[in-house]
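Chemist: Just so we're aligned, residue 2 is where the sequence shown starts under our numbering, counting upward by one. Where a beta carbon is used, it is the ideal one built from N, C-alpha and C, also for glycine. Only a predicted model underlies this, so the values are computations on that prediction, with no experimental measurement involved.
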Amino acid sequence: MSLLFNPRTYRPTSFDEGTQQQLLALIDFFESKGLARNKEEYYSGEWYADFLKLVADKRIFATFATPAEVGELVGRADARWDLARINELNEILGFYSLAHWYAWQVSVLGLGPVWLSANDEARGMVAGLLDEGHIFGFGLSEREHGADIYSSDMILTRTADGGFTASGGKWYIGNGNAAGRLSVFGKFADDDPEHPGEYVFFLVDPKHQSYELIKNVVAGQMYVAGFNLHGYPVAQSAILHVGKPAWDAALATVNVGKVNLGWASIGICEHSFYESVTHAHNRVLYGKRVTDFTHVRRMLADAYARLVAMKVFAARSTDYFRSASEEDRRFLLFNPITKAKVTSEGERVIDLLWDVIAARGFERDTYFSRAASDIRALPKLEGTVHVNIALVLKFMPRYLGAAHGAAQAYPIIPVRQGAGDDAYLFHQGPAKGLGSIGFSDWRPAFDRFAHLANVAVFREQIDAFTQLVLTAPPTEAQQKDLDYLQVLGQLFTQIVYAQLILESAALAIDDGETRPGSVSDLSDLTESHLDRIFAVFVRDMADQAVALHGQASATEAQAAAALSIVNKPRIDPEAEQAFVSEVLSYSGAYEMKA
Ligand SMILES: Cc1cc2nc3c(=O)[nH]c(=O)nc-3n(C[C@H](O)[C@H](O)[C@H](O)COP(=O)(O)OP(=O)(O)OC[C@H]3O[C@@H](n4cnc5c(N)ncnc54)[C@H](O)[C@@H]3O)c2cc1C
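1. Could you work out which residue in 140, 189, 148 and 429 is closest to residue 177 when comparing CA atoms only?
2. In the DSSP assignment, find the alpha helix (DSSP H) that holds residue 305 and state where it starts and stops.
3. Considering only heavy atoms of ligand 1, does any lie closer than 7 Å to the CB of residue 213?
4. Might you give, ordered along the chain, the residues of its own chain that have their beta carbon closer than 6 Å to the beta carbon of residue 227, omitting 5 neighbours on each side?
5. Beta carbon of residue 253: closer than 7 Å to some heavy atom of ligand 1?
6. With a 10 Å radius around its C-beta and 16 neighbouring C-beta atoms as the bar for buried, classify residue 471 as buried or exposed.
7. Taking the beta carbon of residue 580 as the centre, do at least 16 other beta carbons fall within 10 Å, making it buried, or is it exposed?
8. Identify which residue in 22, 18, 21 and 28 has its Cα closest to the Cα of residue 7.
9. Can you tell me whether residue 381 sits near ligand 1, meaning its C-beta is under 7 Å from at least one heavy atom of the ligand?
10. Need the endpoints of the alpha helix (DSSP H) that residue 259 sits in, please.
11. Just curious, the alpha helix (DSSP H) that residue 530 is in, first and last residue?
12. Using CA coordinates, which residue listed in 474, 314, 14 and 136 is at the minimum distance from residue 207?
13. Measuring from the CB of residue 174, is there a heavy atom of ligand 1 at a distance below 7 Å?
14. Alpha carbon to alpha carbon, how far is residue 188 from residue 341? Give it in angstroms, no decimals.
15. Run the proximity test for residue 148: is its beta-carbon closer than 7 Å to any non-hydrogen atom belonging to ligand 1?
16. Could you tell me whether any non-hydrogen atom of ligand 1 is closer than 7 Å to the CB of residue 385?
17. Using only the alpha-carbon positions, how far apart do residue 246 and residue 431 sit?
18. Using DSSP's beta-bridge definition, name the partner residues of residue 289.
19. Helix, strand or coil, according to DSSP, for residue 587 in the structure here?
20. Roughly how many whole angstroms lie between the Cα atoms of residue 212 and residue 231?
21. Going by DSSP, what residue range makes up the alpha helix (DSSP H) through residue 355?
22. Helix, strand or coil for residue 183, going by three-state DSSP, please let me know.
23. Ligand 1 and residue 62: does the residue's C-beta get closer than 7 Å to at least one heavy atom of that ligand?
24. What I want to know is whether the C-beta of residue 131 ends up closer than 7 Å to one or more non-hydrogen atoms of ligand 1.
25. Looking at residue 345: is its Cβ nearer than 8 Å to the Cβ of residue 380?
26. Among 40, 448 and 322, which one has its Cα closest to the Cα of residue 426?
27. Which of the three DSSP states, helix, strand or coil, is assigned to residue 108?
28. Should residue 202 and residue 68 be called a contact, given that it needs their Cβ atoms to be closer than 8 Å?
29. Going by beta carbon distance, what residues of the same chain come within less than 6 Å of residue 337, once the five residues before and after it are set aside?
30. What first and last residue would you give for the alpha helix (DSSP H) that runs through residue 504?
31. By Cβ distance, which residues of its chain are closer than 7 Å to residue 370, with the 5 residues on each side in sequence left out?
32. In whole angstroms, give me the CA-to-CA distance for residue 222 and residue 467.
33. Rounded to whole angstroms, what is the Cα-Cα separation between residue 561 and residue 42?
34. With a threshold of 16 other CB atoms inside 10 Å of the CB of residue 300, please say whether the residue is buried or exposed.
35. Report the rounded CA-to-CA distance for residue 575 versus residue 588, giving the unit in angstroms.
36. Does residue 405 pass the burial test, meaning 16 or more other C-beta atoms within 10 Å, or should it be called exposed?
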């Protein structure tokens, strides 16, 4: 019985032979190195040249990150951007080392503006570099401006020969020390005759003499560069996007990349979970196992329920992403939730586990001691949780309305685990009109499991939340009050999160669509798991409702309506006993080679 990825038993048989070999080669790389050496490199901040050699030799990034239409340009007929196997890669890399995952992640981000570009010369050149084993980077952030990318100070100035020079600085740019190319975001000079002050994406070669690498701005194995361009020459052939399309390419790239953070978070939590359960179950205090303490049992059960939920949601969200089209852009709601909610849940899992294993979580020879800090990065990168929750809120009226007569009809989205090129990701078009994206009625997903006590309570909480939104909507001032909106957004996010989990579960339990031979194998998922997961959700809804009630700006009506969401989970002692026994069955199930 297992719902978690375990390198010992992992057989990625849902993928073609080549993909299987590549995934297993990654596992073999980390296991052969062993935990002790991995941790030494982590603490010393050693650059992972051996890892990059492996992925180059085995063409791992080239295989996973070349879409079919780019493959055609460079004679790779079998190329495909296949989210099913990409998720697999993310989870495995997160499981072993977030620093190594980061080299992959920023390569994906760096490739995004190139694959989205109509500049075939640039696409072909970059595809060639990728094939040779190069890594890439995404130059969006600047030291002074954070999330405010409107204010870029990277300026392109026209030269007499019809080209440009770029000057300005970038900060927090992954792989900026070693990338084959960086996709850099900036603006044309305000006095440019053709594009005054307009946005631009262009390619930069970090080996050029006008590229000044300042330093690695973080301590660690991953290289997060600060760099300056000093009159860096930019030929027309290096320009990827001009004007509004450059802005759209930035957003579309982040849409593609940000879900990877959720998958990495799952991998981190899984590895930490094995270590923690094994440690706690084998530790005897006062003549009893630590796992006999009732609070420890509850924390481990909560951690496991949260972790399984993360996996079930992320897999279902991918089905929507892979099925996206001009007519179905619901992924624009689900992706920020994979990013913000799954990664935040990852933090909660690690917090729970850390409370269980206490001092052990600091020891240098554990995986956990790195997980404890690595897990913090994911909610903050590629748009903070706040930015993503603010985005999620744009969908709330149409989503809630779908259960009140304003549903939009869509074809059923099946499980999308098979091989395929997810071409739409690089043809998303402008990310506008979010508030007009319709949703299908989500009530059937809950009705299917309404006999489960905690799903039933949660369903009542949704009704109470809908009442709150209908009878006491945000005032005009609150519509600009991000503090109030964040809490509202968290409550709303929890509902969408729950819906997709139930959909995924119904597909697995009723239709046998369990995603076997993948990290998301749900063959062992049962209704008991769902009931326990929803026990956590009921508590989370109640916590957020109390937070809304306590908001300084909440009106009397809002405060009262918020309290009507508060409810408590139903935990049957026998079911809990069985659930905890399952949790403890993971003790000793996996340990990384020392
Ligand atoms: C390890 C690491 C690697 C990174 N790699 C890259 C990379 O490869 N390429 C790259 O371009 N960038 C990279 N970044 C930058 C990262 O994407 C930024 O950290 C992120 O965009 C947020 O910027 P900031 O952290 O400066 O926060 P700020 O933008 O300064 O935000 C400050 C606060 O304001 C809030 N806030 C800002 N805007 C909004 C809004 N619209 N709505 C609600 N709240 C808001 C934030 O939530 C936060 O609490 C990296 C950062 C780190 C730490």
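Modeler: Reading off the structure:
1. When 140, 189, 148 and 429 are compared, the shortest CA-CA separation from residue 177 is found for 140.
2. Note, residue 305: alpha helix (DSSP H), 295-323.
3. Residue 213: no, Cβ never under 7 Å from ligand 1.
4. In the same chain as residue 227, and ignoring 5 residues on each side of it, the C-beta atoms closer than 6 Å to its own belong to 172, 215, 216 and 218, in chain order.
5. No, since every heavy atom of ligand 1 falls outside the 7 Å radius drawn around the Cβ of residue 253.
6. Answer is exposed; the Cβ neighbour count stays below 16.
7. By the Cβ-count criterion, residue 580 is buried, with 16 or more other Cβ atoms from all chains shown falling within 10 Å of its own Cβ.
8. Cα-wise, what sits closest to residue 7 is 28.
9. Checking every heavy atom of ligand 1 against the Cβ of residue 381, one is found closer than 7 Å.
10. In the DSSP assignment, residue 259 falls within the unbroken alpha helix (DSSP H) covering 245-282.
11. For residue 530, the enclosing alpha helix (DSSP H) has its first and last residue at 528-550.
12. By alpha-carbon distance to residue 207, the top candidate from 474, 314, 14 and 136 is 136.
13. Result yes, Cβ under 7 Å from ligand 1.
14. Straight-line spacing of the CA atoms in residue 341 and residue 188 works out to 29 Å.
15. Yes - ligand 1 has a heavy atom lying nearer than 7 Å to the Cβ of residue 148.
16. Residue 385: yes, Cβ under 7 Å from ligand 1.
17. If I take the Cα positions, the gap works out to 8 Å.
18. For residue 289, which the question treats as bridged, DSSP gives the partners 286.
19. In this structure, residue 587 counts as coil in the three-state DSSP scheme.
20. If I take the Cα positions, the gap works out to 7 Å.
21. Residues 344-358.
22. In the three-state scheme derived from DSSP, where H, G and I count as helix and E and B as strand, residue 183 is classed as strand.
23. Result no, Cβ not under 7 Å from ligand 1.
24. Every heavy atom of ligand 1 is 7 Å or more from the Cβ of residue 131, so no.
25. Residue 380 sits close to residue 345, with the two beta carbons spaced by under 8 Å.
26. Checking every option, the nearest Cα to that of residue 426 belongs to 322.
27. Residue state for residue 108 is assigned as helix, using DSSP reduced to three classes.
28. No, they are not a contact pair.
29. Cβ within range, chain order: 389, 392 and 393.
30. In the DSSP annotation of this structure, the continuous segment of the alpha helix (DSSP H) that includes residue 504 starts and ends at 483-512.
31. For residue 370, same chain residues with a beta-carbon under 7 Å away, outside a window of 5 residues either side, are 362, 363 and 364 in chain order.
32. The alpha-carbon of residue 222 is positioned some 47 Å away from that of residue 467.
33. The straight-line gap separating the alpha-carbon atoms of residue 561 and residue 42 is approximately 54 Å.
34. Result: buried.
35. Distance between the alpha carbons of residue 575 and residue 588 is about 21 Å.
36. Classification for residue 405: exposed.
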